[in-house]
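Q: Questions regarding the structure given below will be posed in turn.
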Amino acid sequence: MIVFLLDVGSECRNAMVQCLREDIKIKSVNVFEDYIAFIEQVGKILPDLCFIRLGVDKIPGLTAARMVKQIGVDSRIVFLSEDEYDALEAYEIGAYGYLLYPVVKEKLENILAKVG
Amino acid sequence: MIKAVLVDDERPALRELEYFLRDYPVITIQDKFTDPQLALEKIKSIQPQIIFLDINMPQLKGIDAASKFMDLCEKVDIVFVTAYDSYAIQAFELYTLDYLLKPLTEDRFYITMQRIMNKYGTIPINDKKNLMIKCLGKFEISWRGEEPIKWRTEKTRELFAFLLHHRNRNLSKEELLDALWAEDDPEKAIRQLYNGIYYIRKALEEYGIGRNLISIDGNYNLKLGPVDFDVEYYNQFARGHDNSNLGQLEEIEILFQGDYLQGEYYPWADLERERLSSLHLRCLLQLAKELKAARKWDKAENYLVKAYHKNPYYEETTELLLKLYEETGNSSKAILHYNTYTKLIHEELGIQPDKKLHELVRTIK
């Protein structure tokens, strides 16, 4: 499984990356901070799962997710956020999951098990 | 058909759901319940594919009911329909298909239904209609008989036209930037490109065009599904497919409502514009020949006159017109046309008509 993560640097992100890298189903974890570079690579590499950060100024997370959907790839989208504020819009976009930061390892594993 | 069950403790809410589902005949409502406990008892025998489920019900909370429904029907999808937004995160943890807020709106409900239909592989509603892509004349994309799609900006329109022009071909980012944003700052240009692609996909989706009809992949390769595309009819004509069929030729000819992407200043379209214009001329001449063979003189003459007005310098048109006048015994028209043609090519090109035309007119006289 190929996983993309679009998020700014933080301890939460580091913990996420570590969890993802520990999962044997995951072949590679690519981390992006620029959403344009992220979108470009989504179209080329076709990841199975995209984690997209919401609620930070540098990343227009909902727009990035819409762009992933518009590209037409089958990548599942899981939002990462510190609050529930965008959960309804996440549904409208067709997100697969919505995890609250800091991510509970068990919830992340559930998602990975479902996708994998 | 997709089997659905509706569960809401309020009857008006059930009626509203039924009303919204009426537009989607692919969904059959197997049963509806105001009591979630009763629904749980019956659900195993119904085995629906979708359950539209309220959350705030006095007998049993929808979130708890959803887990139970999923245990009883392994493959069922749940769509929550609720007045509360505070359960969305919990709903995500149950992997429910969607979460709709009351009061329902048609636009939002449509998104849910598209998701359901995509999942179950049923035909989206608009696919039953013909999607028309018109490049010969004014550039327009529309469902037959409906208003055409509206693009966010002129540049979005040009980007789509460019992808369509290069359909079935992988394009590099650099090719696109060179063709459409050569004058712009590279950083700005690349963002405009990504935003342009985003707005194109958004416009197509909002207009109800599925990816089975128009898709653009990560290599900017635009692919068309079963659409009515005027240029493709001319390409078929160019391949010589059934070019003696009069009815078909007439249908192709009528598609030429103007030059390729007429009125748009797209330098990259110039060669294609010339190619299609030349194909149209060939189509007119072919039609005239077929009509002449069928002894439909008036119609044949009309097409030849049209061909002459399109490109008066093309010798074959004049030759066919003169032969037609010869066969119909219309010598005055033949001489008049020949003199006009001679004058034109002398004044504009400084040349005389070919000897065979001269001989032809002499025999008509």
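These protein sequence lines map, in sequence, to chains A and B. Counting in my numbering, the first sequence runs from 1 upward without gaps. Counting in my numbering, the second sequence runs from 1001 upward without gaps. Where a beta carbon is used, it is the ideal one built from N, C-alpha and C, also for glycine.
1. Measure the alpha-carbon distance for Gly9(A) versus Val17(A) and round it to whole angstroms.
2. With 8 Å as the threshold, decide whether the Cβ of Tyr1120(B) is near any Cβ in chain A.
3. Output yes or no for whether 8 Å exceeds the beta carbon distance between Leu49(A) and Arg13(A).
4. Just checking, does the segment 1093-1108 of chain B make contact with the segment 1064-1074 of chain B on the three C-beta pairs under 8 Å criterion?
5. Does DSSP put Phe38(A) in a helix, in a strand, or in coil?
6. Using beta-carbon positions only, say whether Lys1032(B) and Leu1060(B) come within less than 8 Å of one another.
7. Examine chain A for any beta-carbon lying closer than 8 Å to the beta-carbon of Tyr1198(B), and answer yes or no.
8. With a threshold of 16 other CB atoms inside 10 Å of the CB of Pro1036(B), please say whether the residue is buried or exposed.
9. Based on Cα-Cα distance, which residue from Glu1074(B), Phe1162(B), Thr1317(B) and Arg1167(B) lies nearest to His1261(B)?
10. Let's see if you can read the secondary structure: which residues bound the alpha helix (DSSP H) around Glu1140(B)?
11. Can you name the start and end residues of the beta strand (DSSP E) that Lys1003(B) belongs to?
12. To the nearest angstrom, how far is it from the Cα of Lys1289(B) to the Cα of Ala1300(B)?
13. Could you tell me whether the Cβ of Asn1126(B) comes closer than 8 Å to any Cβ of chain A?
14. If the criterion is Cβ atoms closer than 8 Å, does the pair Leu1284(B) and Tyr1265(B) meet it?
15. Output yes if chain A places a C-beta closer than 8 Å to the C-beta of Tyr1194(B); else output no.
16. Check the Cβ of Ile1089(B) against every Cβ in chain A and list those closer than 8 Å, keeping chain order.
17. Mind pulling the chain B residues with CB within less than 8 Å of Glu92(A)?
18. Whole angstroms are fine: how far does the CA of Leu1281(B) sit from the CA of Glu1274(B)?
19. Rounded to whole angstroms, what's the CA-CA distance from Trp1181(B) to Lys1155(B)? Just pull it up for me.
20. Rounding to the nearest angstrom, what Cα-Cα distance links Ile111(A) and Asp1228(B) in this structure?
21. Residues of the segment 1126-1154 of chain B with a CB closer than 8 Å to any CB of chain A: list them in chain order, please.
22. What are the start and end residues of the beta strand (DSSP E) that includes Lys1306(B)?
23. Which residues in chain A sit within 7 Å of Lys1202(B), going by Cβ to Cβ distance?
24. For Val1231(B), which three-state DSSP category applies?
25. Say whether chain A places a C-beta atom closer than 8 Å to the C-beta of Ile1123(B).
26. 8 Å is my cut-off, CB to CB: does Leu114(A) come that close to chain B?
27. Grab me the residues of Leu1193(B)'s own chain with a C-beta within less than 8 Å of its C-beta, minus the 5 sequence neighbours each way, in chain order.
28. Could you tell me which chain B residues have their CB closer than 7 Å to the CB of Ile39(A), listed as they occur along the chain?
29. Give me the subset of the segment 1218-1232 of chain B whose CB atoms are less than 9 Å from a CB atom of chain A, sorted by chain position.
30. Whose CA, out of Asp1009(B), Lys1188(B) and Leu1322(B), lies closest to the CA of Thr1340(B)?
31. Report the three-state DSSP secondary structure of Leu1349(B) (helix, strand or coil).
32. Tell me the rounded alpha-carbon separation between Asn30(A) and Asp1054(B).
33. Relative to the C-alpha of Leu1014(B), which residue among Ala1066(B), Ile1043(B) and Phe1080(B) is closest?
34. Indicate whether the contact test is met: 3 or more Cβ pairs, each with one atom in the segment 30-43 of chain A and one in the segment 1215-1230 of chain B, closer than 8 Å.
35. Measure the alpha-carbon distance for Val68(A) versus Tyr91(A) and round it to whole angstroms.
36. When the Cα atoms are used, what is the spatial distance from Pro1124(B) to Ile1209(B)?
A: Answer, in terms of the structure:
1. The residue you call residue 9(A) lines up with position 9 of the first sequence. The residue you call residue 17(A) lines up with position 17 of the first sequence. Cα to Cα, Gly9(A) sits roughly 11 Å from Val17(A).
2. The residue you call residue 1120(B) lines up with position 120 of the second sequence. Output row for Tyr1120(B): interface = no.
3. As a working note, residue 49(A) is residue 49 in the first sequence. As a working note, residue 13(A) is residue 13 in the first sequence. With contacts defined by Cβ atoms closer than 8 Å, Leu49(A) and Arg13(A) do not form a contacting pair.
4. yes
5. Taking the first sequence and counting its residues from 1, the one referred to as residue 38(A) is at position 38. If DSSP states are grouped into helix, strand and coil, Phe38(A) belongs with the helices.
6. Locating residue 1032(B) in the second sequence gives position 32, counting from the first residue. Locating residue 1060(B) in the second sequence gives position 60, counting from the first residue. Not closer than 8 Å, so no.
7. For the purposes of this step, residue 1198(B) is taken as the residue at position 198 of the second sequence. It does: the Cβ of Tyr1198(B) has a partner Cβ on chain A nearer than 8 Å.
8. In the second sequence, counting from the first residue as 1, residue 1036(B) sits at position 36. Counting Cβ neighbours within 10 Å, Pro1036(B) comes out buried, since at least 16 surround it.
9. Translated into the one-based positions of the second sequence, residue 1261(B) becomes position 261. The question names His, yet the displayed sequence has Leu at residue 1261(B). Looking at Glu1074(B), Phe1162(B), Thr1317(B) and Arg1167(B), the one whose alpha-carbon comes closest to that of Leu1261(B) is Phe1162(B).
10. In the second sequence, residue 1140(B) corresponds to position 140, counting from 1. Glu1140(B) -> not in any alpha helix (DSSP H); beta strand (DSSP E) instead, spanning Glu1140 to Trp1143.
11. Taking the first residue of the second sequence as position 1, residue 1003(B) is located at position 3. Counting along the chain, the unbroken beta strand (DSSP E) around Lys1003(B) starts and ends at Ile1002 to Val1007.
12. Counting from 1 along the second sequence, the entry for residue 1289(B) is found at position 289. Counting from 1 along the second sequence, the entry for residue 1300(B) is found at position 300. Going by the C-alpha atoms only, they are around 7 Å apart.
13. Reading the second sequence from its first residue, position 126 is the one you call residue 1126(B). A caution first: Asn1126(B) carries a pLDDT of 46, below 50, which makes its placement in the model unreliable, though a value can still be read off. Cβ-Cβ to chain A under 8 Å: no for Asn1126(B).
14. For the purposes of this step, residue 1284(B) is identified with residue 284 of the second sequence, where counting begins at 1. For the purposes of this step, residue 1265(B) is identified with residue 265 of the second sequence, where counting begins at 1. The answer is no: Cβ separation not under 8 Å.
15. Counting from one through the second sequence, the residue named residue 1194(B) turns up at place 194. Yes - at least one Cβ of chain A is within 8 Å of the one on Tyr1194(B).
16. To locate residue 1089(B), count along the second sequence from 1; it is residue 89. Ordered by position in chain A, the residues that pass the 8 Å Cβ test against Ile1089(B) are Glu84, Ala87, Tyr98 and Leu100.
17. For the purposes of this step, residue 92(A) is taken as residue 92 along the first sequence, with counting starting at 1. Against chain B, a Cβ distance below 8 Å from Glu92(A) picks out Arg1108 and Ile1111.
18. In the second sequence, residue 1274(B) corresponds to position 274, counting from 1. In the second sequence, residue 1281(B) corresponds to position 281, counting from 1. Annotation: Glu1274(B) to Leu1281(B) spans about 11 Å, alpha carbon to alpha carbon.
19. Indexing the second sequence from 1 puts residue 1181(B) at position 181. Indexing the second sequence from 1 puts residue 1155(B) at position 155. Spanning the two alpha carbons is a distance of roughly 9 Å.
20. The sequence position of residue 111(A) within the first sequence is 111, counting from 1. The sequence position of residue 1228(B) within the second sequence is 228, counting from 1. Straight-line Cα distance between these residues: approximately 42 Å.
21. Per Cβ criterion, the list is empty.
22. What you label residue 1306(B) is simply residue 306 of the second sequence in a count that begins at 1. Not the beta strand (DSSP E): Lys1306(B) falls in the alpha helix (DSSP H), residues Trp1297 to Lys1310.
23. One-based indexing of the second sequence puts residue 1202(B) at position 202. Residues of chain A passing the Cβ test: Gln70.
24. To locate residue 1231(B), count along the second sequence from 1; it is residue 231. Helix at Val1231(B).
25. What you label residue 1123(B) is simply residue 123 of the second sequence in a count that begins at 1. Reliability fails at Ile1123(B), whose pLDDT of 47 lies under 50, so the model's placement of it is uncertain and no value is given.
26. Looking up residue 114(A) in the first sequence gives position 114. First, the residue type needs correcting, since residue 114(A) is Lys and not Leu in the sequence shown. Yes - at least one Cβ of chain B is within 8 Å of the one on Lys114(A).
27. Along the second sequence, one-based indexing puts residue 1193(B) at 193. These residues qualify, in order along the chain: Leu1159, Lys1173, Leu1176, Leu1177, Leu1180 and Trp1181.
28. Working through the first sequence from its first residue, we reach residue 39(A) at position 39. Per Cβ cutoff of 7 Å: Tyr1194.
29. Gly1218, Asn1219 and Tyr1220
30. On the second sequence, position 340 is the one that residue 1340(B) refers to. Ranking the options by Cα distance to Thr1340(B), first place goes to Leu1322(B).
31. Start at 1 with the first residue of the second sequence, and residue 1349(B) comes out as number 349. Correct three-state label for Leu1349(B): helix.
32. Counted from its first residue, the first sequence places residue 30(A) at position 30. Counted from its first residue, the second sequence places residue 1054(B) at position 54. C-alpha separation (whole angstroms): 39 Å.
33. Locating residue 1014(B) in the second sequence gives position 14, counting from the first residue. Leu1014(B) has its Cα closest to that of Phe1080(B), out of Ala1066(B), Ile1043(B) and Phe1080(B).
34. yes
35. If you number the first sequence from 1, residue 68(A) lands on position 68. If you number the first sequence from 1, residue 91(A) lands on position 91. Spanning the two alpha carbons is a distance of roughly 15 Å.
36. Counting from one through the second sequence, the residue named residue 1124(B) turns up at place 124. Counting from one through the second sequence, the residue named residue 1209(B) turns up at place 209. At Pro1124(B), the pLDDT of 48 sits below 50, so the modelled position is not reliable; the number obtained from the coordinates is stated separately. Roughly 9 Å separates the two Cα atoms.
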